[in-house]
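Asks:
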Amino acid sequence: MANTDRLSFTISSLLDSMGFSKHRMEFRQNNLMFEIGVHETKNIFVIQTGGKTDGTSQLELGDLDIMYILKFTTVSGRHVDPITPQHTVLYTEDTGAHHGYTWLRVGHTGLMPFFMAQSLVMTNIGLCLSSSRFNQMFIQKLLDRYSSIIQFQPISGPSYPILAPDGSIDNVNAFIHPDWPAQASQWMDRCRIHGWPPESIITTIARSGCHIVPKGFKESRYEHME
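Quick note: the sequence shown, position 219, residue 218 per numbering that gives the first Met the number 0, numbers continuous.
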């Protein structure tokens, strides 16, 4: 079995062992096949995307991304009621934060994974989530269970790559944000020379919300100022 085949089988087995149900769709663009897989557990949605040359059987390792979205956690810059008592609500707080970064203050505590509960830090504005610690705890959870088949590279951005014989897979954690965050308002208004994305898509994004990928501010001495 080739390295690419082994890695594909390993990832599938890992997700299966964690109890994921699967939904998959494919679409073509020129000579490339793009594949999106949605996996689900009790607490997490997992979106796996990748591209491969049309006619080949495996996704290209250099173009494989996985996003883990916590189902029961919402981030918002304004007051929102929990969808259910099981939902955790995190509020963005700019006070004292570096420009473009926020504190993630706990507004309502509901159902959360152990690695998230272990990432809460008490600050002068209340209980906050450390995104640096959150990502590290998630990595450690996977390493504790699967260290014999995966190896993480150092985190240099919001993603943490899994090292494999033929390449790496970029992984990110994400939270649901029901609208567009005020901290990124300049993205909505900036001049687009090539007209992409069009105004209709921008309006849809603003109305439908987005996913927030936690990333710490490297120069801050407060790991929870993110």
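C-beta atoms are modelled at their ideal positions from N, C-alpha and C, and glycine is treated no differently.
#1: Out of curiosity, what's the CA-to-CA distance linking residue 143 and residue 71?
#2: Mind checking residue 215: buried by the 16 CB within 10 Å criterion, or exposed?
#3: Just the C-alpha distance for residue 117 and residue 198, rounded to the nearest angstrom, thanks.
#4: Any contact of the region 94 to 112 with the region 190 to 208, i.e. 3+ C-beta pairs under 8 Å?
#5: Between residue 110 and residue 190, what straight-line distance do the alpha-carbon atoms span, to the nearest angstrom?
#6: Along the chain, which unbroken stretches of the beta strand (DSSP E) at least 3 residues long are found entirely within the region 109 to 189?
#7: Is residue 184 buried or exposed, if buried means 16 or more other CB atoms sit within 10 Å of its CB?
#8: With a CB to CB cut of under 7 Å and the five nearest residues on each side skipped, what residues in its chain are close to residue 159?
#9: Report all residues from its chain with a CB closer than 8 Å to the CB of residue 29; omit the five preceding and five following residues, and keep chain order.
Replies: Reading from the atomic positions:
#1: 24 Å
#2: buried
#3: 41 Å
#4: no
#5: 41 Å
#6: 119 to 122, 125 to 128, 159 to 163 and 166 to 176
#7: exposed
#8: 134, 138, 151 and 170
#9: Confidence in residue 29 is poor, its pLDDT being 44 and thus under 50, which makes the residue's placement too unreliable to answer from.
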